Structures are given as structure tokens and as C-alpha cells.
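Peer 1: I'd like to ask some things about the structure below.
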């Protein structure tokens, strides 16, 4: 789970085709839409394929992640150690005293349901086309122009992969404070790299073992915490409610670039959609709710949350399970960064890329104060909220799914970049953030044009809406027609 207070606020060839991935035309409307609930291509089991093909030109992606696999993976991604302390953003979005408990939980539920819908929409598209997220953007922007969001995605995923290694190390040292930091970082980095080499196999391991352990752990922790006398919460009312909703929406949407990378391996479109939506929603709501209770027990002190867990009977074992589970987010980030880079260099061996990225993340975790870059990474992540608006309008509303071109020579559609940029500008004007001179610049622009965004205004929804509206204008005016006609004549 990516928390916007610490992390970013805010990824398909035809299922029925055997064309090479990322290098050949996509099939026509009938092949893209037939059997909407089921991916029609049958591929060998993961053991036969030795997991994902090593290059984007190495053949079609295997379709071996069923509903339970997707539920298990997204259920694990929906929780994080950071969420327990990060729940302060939901409880006190504008600082003390914060909202009432009921209002905070409602903000959590609404933000999660809305934001995760975007994740599942991308998962469905990638499942239909059989392509990872950044390759999907070739159909939106063109082959070359898709490099722009790809670079942004690689930066944020590398940053958050490093962030996860640091977080897991911090949790491990909470259990064993006598251990030096660097060996733990190296071990976690090595395990992360190993898992990223065989991503589909480890998703199945997550489903069979880790998810069950995490569910049992969360139920036990919740039962233990609820037996305590939870202090009265001084917060009340609805002040900052939309700020909290916006934070949770952006948090959920931050997983959009990852969704397609795994949804393309789904055995059915249903598995991709339900797995991502139910798996992520249930665990995020559960973990944040536990986080709210824990924060109240800790007197609002986020630094004391872990000690609350360790104070319950069997707390050390529970904390160990949650710490080990944190590694799954590390390898998910590394694998998604790998396939993002393959959008630019489709012939590169993903195993070599993953090793290089794993080493890089480990070195960064050792040498860089990644927490100091959290606001910058949040800025990078915020570009994906309006990007989602542009994509969904073009792919679903204007029928792009029937003629989506994911070849390396897909024609450029620069006006779609303009629509994306319009949404990003709207986001920054509503929520400039706290990134020094960058944020000051957007505040100055807002003042110059007489814009003073009220606290009830959602930056995520505004950015999404502006980007979507701009895309509609581009489509109606014919600005996207050249790319569409070029796509429709292919294959």
C-alpha cells in the first residue's frame, strides 16, 4: 500500500492471438471483444514457460493467474506497515483535532472504492489486449510518445521500490534493534531481486501461503486491539473530509501503472477486475481502520504505532509476518519497472534488467535518505491521475479498445499529451503540495488567476475530470482521428 503522506498520492495484443507481444499489430474489434468475460488464448502452465517471456518480443504473455491469484496479490498490495501510521491523514487531514471516527472511516471507504475502480479499469484493458501498462500507452500516445509516461513511471517505481526496502529494514530493526542496518538492506534487496526474476510463481506463493498468514494476523491484531480501552477521540465533524477522500483516491490510483503488468496474465477478464478490486479494497479498508484504532491507542503518535503492536500477546510474531509480507511490494515494483523499461527497449532481457534494478534499489536504500524524496515521488505519482482520465475516455468512451495499436511504430498522437498536461496543471493548482519552490510557483499562479481552491475540492477528481474533458474535446474536434485511422488500418 502506498501512502500519500509518505509515498506517492497517485499497466495489453489480443487475448485470442498468438502475435508477438509489443511488436505486432493488435487484432480487430471482434477479437478484442469476443468472450468478454474470458481470455480465450490458452497458454502453457507457468512451469512450462519458465514464468514470463524474457523479452517483449519473446512471445505472448502466459495466462495463468486465476481469480484467487489476483485476489491474493492485490490483497497483499492493499496493506502495508506504513498504513498503520499513515492513517493519520484520514483521521486528521487538516491537523488536530481531526474528523469524527465515523466521518474518517467513510472517507476511507469512499476514497478506496472510487480510486480502485480506476485500477480495475486499467486491469480490464490490459487483460483484453494482453499487454503491460506502458505498452498499452502506445495506443494512446503513439510508440515514441509513450516513452514520456514510461520514464515517469520508471522513476516513481524505482523510488518506491527503494522506499519499500528501507521500510522493511526499519521494521526488521524494530524487532532486532541490535542488528546493523546494512546487512538487512542487502538481504532484503537480494530477496527482492530473486522474487522479481520469477514474478508469476511468487504471485502464486503469495496466494497460497502469505495471504492466509496476513489475514489471520490482521484478524488477530484487530481482536486484541479492540479489547483495549480506546481513548476518546477529540475530533468531530466533517472538516477536511474531501481532503481525506482525495488522499485515499490518489493512493489507490497510484497502483494503476502496476495493474496492467499483472492483469495481462489473468486467465479471464473477470479475474483481472474482481481480483484487483475486491482484493485491494478489502485489505486497504481493513488495514487503515486498524491504523486509526492504533493511532488512538498511541495518542496520535505515529512513531509509537509499532510499539502498540509489539505490546499485544504474540505481537512480535504478528509484526514479523507483516514485515516479511512487505517484501512483496518491493518485488512488484522491480518487476513493473522492468517491463516499463522494455517498452523502450523490448529486446532487453527482463532478468538482466531486474538484477540491475534490484542492485540499484539496494544501493539507493543504503546511500540515500529516501524519506527526503517522498514529496518529489508524490509529485511524480500525481501525473497518473489525469493520465487515467485520458486513457479511460479514449479506450472505453471513444471505442479505442476495438482498434488499439500497441506496436512500436504506433502513430504519434501529441494532442493526447496536451489533454494529459491539462489535467496535471489542474491537479497542481488545486493541490500545490509541499515541494518547496515548485509548490510556491503553483500557489503564485493560482493567486495570479484568482484561484483559491476550497478544502472540499478534490484535486484527484478535478484533474481526472479536466483531463477527461480535454480528451473529449480532442476526439470530437478530430485531433485524435489521425491516430485512430492509422490504428484501424493495421492488422
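In the numbering used here, the protein residues as written are 697 to 1187. Virtual Cβ for every residue (Gly too), placed ideally from N, Cα, C. All values reported here derive from a predicted model rather than from experimental measurement.
(1) Do residue 1029 and residue 899 come within 8 Å of each other at the CB atom, strictly closer than that value?
(2) Can you tell which of 755, 1154, 945, 992 has the C-alpha that lies nearest to the C-alpha of residue 788?
(3) If we ignore side chains and look at the alpha-carbon of each, how far apart do residue 1173 and residue 754 end up?
(4) Near residue 1139, which residues of its chain fall below 8 Å by C-beta distance, leaving aside the five closest residues on each side in sequence?
(5) Starting from the C-beta of residue 738, find all residues in its chain whose C-beta is less than 7 Å away, skip the five residues before and the five after it, and write them out in chain order.
(6) Suppose the cutoff is 7 Å on Cβ atoms and the five residues either side in sequence are ignored; what does the same chain contact list for residue 936 look like?
(7) With residue 1047 as the anchor, note down where its alpha helix (DSSP H) starts and where it stops.
(8) Residues in the same chain with beta-carbon distance under 7 Å from residue 1118, minus the five sequence neighbours each way, listed in chain order, please.
(9) Do you know how far the Cα of residue 941 is from the Cα of residue 1169?
(10) Give me, in chain order, the residues of the same chain whose beta-carbon lies closer than 7 Å to that of residue 1116; leave out the 5 immediate sequence neighbours on both sides.
(11) Looking only at C-alpha atoms, which of 1104, 1157, 1061, 1024 sits nearest to residue 891?
(12) Find the nearest neighbour of residue 1037 within the set 978, 1027, 1050, judged by alpha-carbon distance.
(13) Spell out the partners DSSP gives residue 962 in its beta bridges.
(14) Roughly how many angstroms separate the alpha carbons of residue 717 and residue 841, rounded to a whole number?
(15) Under the rule that 16 or more other beta-carbon atoms within 10 Å means buried, what is residue 948, buried or exposed?
(16) Per DSSP, which residues does residue 789 bridge with? Please list them.
(17) Quick check on residue 658: buried or exposed, where buried means 16 or more other Cβ atoms within 10 Å of its Cβ?
(18) Have a look at 810, 1014, 855 and flag the residue whose alpha-carbon is nearest the alpha-carbon of residue 1160.
(19) Taking a contact to mean a Cβ-Cβ separation below 8 Å, would you say residue 871 touches residue 1016 in this structure?
(20) Would the beta-carbon of residue 955 fall within 8 Å of that of residue 815?
(21) Which of helix, strand or coil does DSSP assign to residue 1021?
(22) Is it buried or exposed, residue 1110, if we count other Cβ atoms within 10 angstroms and call 16 or more buried?
(23) With a Cβ-Cβ cutoff of 8 Å, do residue 839 and residue 1056 count as a contact?
(24) Just the C-alpha distance for residue 1032 and residue 1011, rounded to the nearest angstrom, thanks.
(25) Quick check for students: name the residue ranges of the alpha helix (DSSP H) that lie wholly in the stretch 845 to 924, counting only runs of 4 or more.
(26) Quick check on residue 1169: does DSSP put it in helix, strand or coil?
(27) Please state the DSSP three-state secondary structure of residue 1082.
(28) Roughly how many angstroms separate the alpha carbons of residue 1180 and residue 1113, rounded to a whole number?
(29) Which same chain residues, not among the five before or five after residue 938, have their C-beta less than 6 Å away from its C-beta?
(30) Can you tell me whether residue 1123 is buried or exposed, with buried defined as 16 or more other CB within 10 angstroms of its CB?
(31) Leaving out five residues before and five after residue 920 in sequence, what residues of the same chain have Cβ atoms less than 6 Å from its Cβ?
(32) Out of 1003, 1035, 1054, which has the shortest C-alpha to C-alpha gap to residue 757?
(33) Give me, in chain order, the residues of the same chain whose beta-carbon lies closer than 8 Å to that of residue 1091; leave out the 5 immediate sequence neighbours on both sides.
(34) Short check: CB of residue 779 to CB of residue 984, under 8 Å?
(35) Might you give, ordered along the chain, the residues of its own chain that have their beta carbon closer than 6 Å to the beta carbon of residue 818, omitting 5 neighbours on each side?
(36) At the level of alpha carbons, what is the spacing between residue 812 and residue 1048?
Peer 2: In brief:
(1) Along the chain shown, read from residue 1 onward, the residue named residue 899 stands at position 203. Along the chain shown, read from residue 1 onward, the residue named residue 1029 stands at position 333. Not in contact: residue 899 and residue 1029 (Cβ atoms no closer than 8 Å).
(2) Position 92 of the chain shown, counted from the first residue, corresponds to residue 788. Closest option to residue 788, Cα to Cα, is 992.
(3) Stepping through the chain shown from its first residue, residue 1173 is reached at position 477. Stepping through the chain shown from its first residue, residue 754 is reached at position 58. So the alpha carbons of these two residues sit roughly 39 Å apart.
(4) Taking the chain shown and counting its residues from 1, the one referred to as residue 1139 is at position 443. Contacts found: 1128.
(5) Reading the chain shown from its first residue, position 42 is the one you call residue 738. Only weak support is given to the placement of residue 738: the predicted model assigns it a pLDDT of 42, under 50, and the question is left unresolved by the model.
(6) On the chain shown, position 240 is the one that residue 936 refers to. The answer, listed in chain order, is 789, 790, 795, 1151.
(7) Here residue 1047 refers to the residue found at position 351 when the chain shown is read from its first residue. Its alpha helix (DSSP H) spans residues 1046 to 1063.
(8) Start at 1 with the first residue of the chain shown, and residue 1118 comes out as number 422. For residue 1118, where only same-chain residues beyond five positions count, the Cβ hits under 7 Å are 1162, 1163, 1166.
(9) Counting from 1 along the chain shown, the entry for residue 1169 is found at position 473. Counting from 1 along the chain shown, the entry for residue 941 is found at position 245. Taking the straight line from one Cα to the other gives about 28 Å.
(10) Here residue 1116 refers to the residue found at position 420 when the chain shown is read from its first residue. Within the same chain, 1082, 1083, 1086, 1163 come within 7 Å of residue 1116 by CB-CB distance, once the 5 residues on both sides are set aside.
(11) Translated into the one-based positions of the chain shown, residue 891 becomes position 195. Distance from the Cα of residue 891 is smallest, within the candidate group 1104, 1157, 1061, 1024, for 1024.
(12) For the purposes of this step, residue 1037 is taken as the residue at position 341 of the chain shown. Each of 978, 1027, 1050 was checked against the Cα of residue 1037, and the nearest Cα belongs to 1050.
(13) As a working note, residue 962 is residue 266 in the chain shown. DSSP, once it has assigned bridges, lists 761 as partnering residue 962.
(14) As a first step, residue 717 must be located in the chain shown, where it is residue number 21. As a first step, residue 841 must be located in the chain shown, where it is residue number 145. Legend: pLDDT at residue 717 = 39, less than 50; position of this residue unreliable, value from coordinates given subsequently. In this model, residue 717 and residue 841 are separated by some 19 Å (Cα to Cα).
(15) Translated into the one-based positions of the chain shown, residue 948 becomes position 252. Buried is the call here.
(16) As a working mapping, residue 789 is identified with position 93 in the chain shown. Within the DSSP bridge table, the entry for residue 789 names 791 as partners.
(17) With the chain covering only 697 through 1187, there is no way to say anything about residue 658.
(18) Along the chain shown, read from residue 1 onward, the residue named residue 1160 stands at position 464. Each of 810, 1014, 855 was checked against the Cα of residue 1160, and the nearest Cα belongs to 810.
(19) Residue numbering aside, residue 871 sits at position 175 when the chain shown is read from its first letter. Residue numbering aside, residue 1016 sits at position 320 when the chain shown is read from its first letter. In contact: residue 871 and residue 1016 (Cβ atoms closer than 8 Å).
(20) As a position in the chain shown, residue 955 is number 259, starting the count at 1. As a position in the chain shown, residue 815 is number 119, starting the count at 1. A distance below 8 Å separates the beta carbons of residue 955 and residue 815.
(21) Position 325 of the chain shown, counted from the start, is the residue given in the question as residue 1021. If DSSP states are grouped into helix, strand and coil, residue 1021 belongs with the helices.
(22) Residue 1110 sits at position 414 when you count from the first residue of the chain shown. Residue 1110 should be labelled exposed.
(23) For the purposes of this step, residue 839 is identified with residue 143 of the chain shown, where counting begins at 1. For the purposes of this step, residue 1056 is identified with residue 360 of the chain shown, where counting begins at 1. With contacts defined as CB atoms closer than 8 Å, residue 839 and residue 1056 fail to qualify as a contacting pair.
(24) Numbered from its first residue, the chain shown carries residue 1032 at position 336. Numbered from its first residue, the chain shown carries residue 1011 at position 315. Between residue 1032 and residue 1011, the C-alpha separation is close to 33 Å.
(25) Entirely contained in the stretch 845 to 924, the alpha helix (DSSP H) runs reaching 4 residues are, in chain order, 877 to 893, 895 to 901, 907 to 922.
(26) Position 473 of the chain shown, counted from the first residue, corresponds to residue 1169. In the three-state DSSP reduction, residue 1169 falls in the helix class (H, G or I).
(27) By one-based count along the chain shown, residue 1082 stands at place 386. Helix, per DSSP.
(28) In the chain shown, counting from the first residue as 1, residue 1180 sits at position 484. In the chain shown, counting from the first residue as 1, residue 1113 sits at position 417. Unreliable positioning characterises residue 1180 in this predicted model, as indicated by a pLDDT of 44, which lies under 50. The coordinate reading is nonetheless provided below. Their Cα atoms are separated by approximately 15 Å.
(29) Taking the first residue of the chain shown as position 1, residue 938 is located at position 242. Here the set comprises 1152, 1154.
(30) As a working note, residue 1123 is residue 427 in the chain shown. By the neighbour-count rule (16 or more Cβ atoms within 10 Å), residue 1123 is buried.
(31) Taking the chain shown and counting its residues from 1, the one referred to as residue 920 is at position 224. These residues qualify, in order along the chain: 1008.
(32) Here residue 757 refers to the residue found at position 61 of the chain shown. Closest option to residue 757, Cα to Cα, is 1035.
(33) Translated into the one-based positions of the chain shown, residue 1091 becomes position 395. These residues qualify, in order along the chain: 821, 835, 836, 1097, 1100.
(34) Along the chain shown, one-based indexing puts residue 779 at 83. Along the chain shown, one-based indexing puts residue 984 at 288. The criterion of a C-beta distance shorter than 8 Å is satisfied by residue 779 and residue 984.
(35) Position 122 of the chain shown, counting from 1, holds the residue named residue 818. Around residue 818: 952, 955, 956.
(36) Within the chain shown, the letter at position 116 stands for residue 812. Within the chain shown, the letter at position 352 stands for residue 1048. One C-alpha to the other measures close to 32 Å.
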